[in-house]
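There are 2 protein chains.
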Amino acid sequence: MKRLLERIDREILAAGGKRSRSRAVVIEGFFRARDHVTIEELTRSVRESAPWIGAATVYRTLKLLERLGYAKELDFGEGARRYESNLSPHHDHLVCRQCGTVIEFEDTEIENLQDLVTRRHGFHPTAHRLEIYGFCRICASGESAERVR
Amino acid sequence: MKRLLERIDREILAAGGKRSRSRAVVIEGFFRARDHVTIEELTRSVRESAPWIGAATVYRTLKLLERLGYAKELDFGEGARRYESNLSPHHDHLVCRQCGTVIEFEDTEIENLQDLVTRRHGFHPTAHRLEIYGFCRICASGESAERVR
DNA sequence: GAATATCCTGAAATTGAATTTCATCATCAT
DNA sequence: ATGATGATGAAATTCAATTTCAGGATATTC
Chain A
10 MKRLLERIDR EILAAGGKRS RSRAVVIEGF FRARDHVTIE ELTRSVRESA
60 PWIGAATVYR TLKLLERLGY AKELDFGEGA RRYESNLSPH HDHLVCRQCG
110 TVIEFEDTEI ENLQDLVTRR HGFHPTAHRL EIYGFCRICA SGESAERVR
Chain B
10 MKRLLERIDR EILAAGGKRS RSRAVVIEGF FRARDHVTIE ELTRSVRESA
60 PWIGAATVYR TLKLLERLGY AKELDFGEGA RRYESNLSPH HDHLVCRQCG
110 TVIEFEDTEI ENLQDLVTRR HGFHPTAHRL EIYGFCRICA SGESAERVR
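Okay, here's the thing in structure tokens:
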């Protein structure tokens, strides 16, 4: 984690940016937070230890991390976007409409078929999004206790 | 087309709704418009023949069509949502980031693999979205003339 | 270690799509 | 015709996201 933060720091400097206390707190908070956080959730969380931090800074910092390739923006159609760290390999998402749980999965076969489709249309892909919405095992079984989010 | 509009009319009546001139214009405009329109585009278009129609009515009418199963809401991350008619069979989208062209494709193999994935996680799918972003044949070849949208 | 250019900040203002409110009008059932 | 209720357009509101702005912090140059 320390090494990661230092590396990001160096990249920001190399790109003409400067260090800042607030940004450091947000970046570390982001990597420590559970994945798929909203800006609002992350803001609330970093403010516990650094209450002066404004939401605008959190927005700005996550855009920055996205530009540097360390974060990915997600949109599960909830109104607010979510962010995940981009350290783990590519994957897609199962999103439970009841409890909000997000299950990540990886399927190289699907990816291969996607490549076939794009090739068939002479299309040059740069990114894709695949989300499957529905009910997770627990919620589908009716045991659904409470809404997590 | 006439039969379709009449059928929708009947369904609205059956559900306790009433007819209205504005709504009829919007619905017909929607099915006549090219696919994947934004509310703003559709509003502009219906106002050519019915300038009194407000944007709120277009929003409301498309939500209604969605509820009845005749329209689908799309979000290509452009800020504004798009809508497509839900008459043709299920398909996914290739979205060109240069010219905005949307290519529809259908791939039952991908769908099957998706089912496998969900089953593997005990997940009960209700919907999914798969979009591949990149550059269409024309834009990728550099001939890209102008931005259509 | 001062000077300075420039970046970063938090608060507040702004944007823009989407939704809601509200007074009025239109449509359906009787 | 009449009454009940749905639908309308304009305006107000919501809400996430972005931008503005004046002040503060940080790197760089000497």
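From first to last, the protein sequence lines stand for chains A and B. If you want the numbering used here, it's the 1-based position in the first sequence plus 9. If you want the numbering used here, it's the 1-based position in the second sequence plus 9. Glycine included, every Cβ here is placed at the ideal spot set by N, Cα and C.
Neighbour flag for residue i against chain B, beta carbons, 8 Å
i: Leu139 (chain A); result: yes
i: Asp18 (chain A); result: no
i: Ile119 (chain A); result: yes
i: Asp116 (chain A); result: yes
i: Val67 (chain A); result: no
i: His112 (chain A); result: Inspection of the sequence shows that residue 112 (chain A) is occupied by Ile rather than by His. Taking Cβ atoms only, chain B reaches closer than 8 Å to Ile112 (chain A), which makes this a yes.
i: Arg156 (chain A); result: With a pLDDT of 48 at Arg156 (chain A), under the threshold of 50, the predicted position of this residue should be treated as unreliable, though the coordinate-derived value follows. It does not; no Cβ of chain B falls within 8 Å.
i: Ser29 (chain A); result: no
Assumed close pair residue i, residue j - CB separation to whole angstroms, cut-off 8 Å
i: Asp44 (chain A); j: Glu87 (chain A); result: So it is not a contact: roughly 15 Å between Cβ atoms.
i: Phe132 (chain A); j: Leu14 (chain B); result: Rounded, the Cβ-Cβ distance is 35 Å, inconsistent with contact.
i: Ile36 (chain A); j: Ile17 (chain A); result: 6 Å
i: Glu139 (chain B); j: Asp101 (chain B); result: Residue identity differs from the one stated: residue 139 (chain B) is Leu in this sequence, not Glu. Their Cβ separation, rounded to whole angstroms, is 4 Å, which keeps Leu139 (chain B) and Asp101 (chain B) in contact under 8 Å.
Coarse secondary structure for residue i, derived from DSSP in three states
i: Thr117 (chain B); result: helix
i: Ile62 (chain A); result: coil
i: Cys105 (chain A); result: strand
i: Arg12 (chain A); result: helix
i: Leu139 (chain A); result: strand
i: Arg90 (chain A); result: coil
Chain A within 8 Å of residue i, Cβ atoms only
i: Gly86 (chain B); result: yes
i: Arg106 (chain B); result: yes
i: His130 (chain B); result: yes
i: Arg146 (chain B); result: yes
i: Ala33 (chain B); result: no
i: Gly143 (chain B); result: yes
i: His102 (chain B); result: no
i: His133 (chain B); result: yes
i: Ala89 (chain B); result: no
i: Leu122 (chain B); result: yes
i: Thr47 (chain B); result: no
i: Ala149 (chain B); result: yes
i: Val126 (chain B); result: yes
i: Ala80 (chain B); result: no
i: Ala136 (chain B); result: yes
8 Å Cβ cutoff met for residue i and residue j
i: Ala64 (chain B); j: Leu71 (chain B); result: no
i: Tyr142 (chain B); j: Arg90 (chain B); result: no
i: Phe144 (chain B); j: His130 (chain A); result: no
i: Phe39 (chain A); j: Leu74 (chain A); result: yes
i: Glu20 (chain A); j: Leu122 (chain B); result: no
i: Ser31 (chain B); j: Ile62 (chain B); result: yes
i: Ser54 (chain A); j: Ala42 (chain A); result: yes
i: Asp116 (chain B); j: Val126 (chain A); result: yes
i: Asn95 (chain B); j: Gly109 (chain B); result: no
Problem - alpha helix (DSSP H) runs contained entirely in the region 18-84 of chain A, provided each spans 4 or more residues - result: 30-41, 48-58 and 64-77
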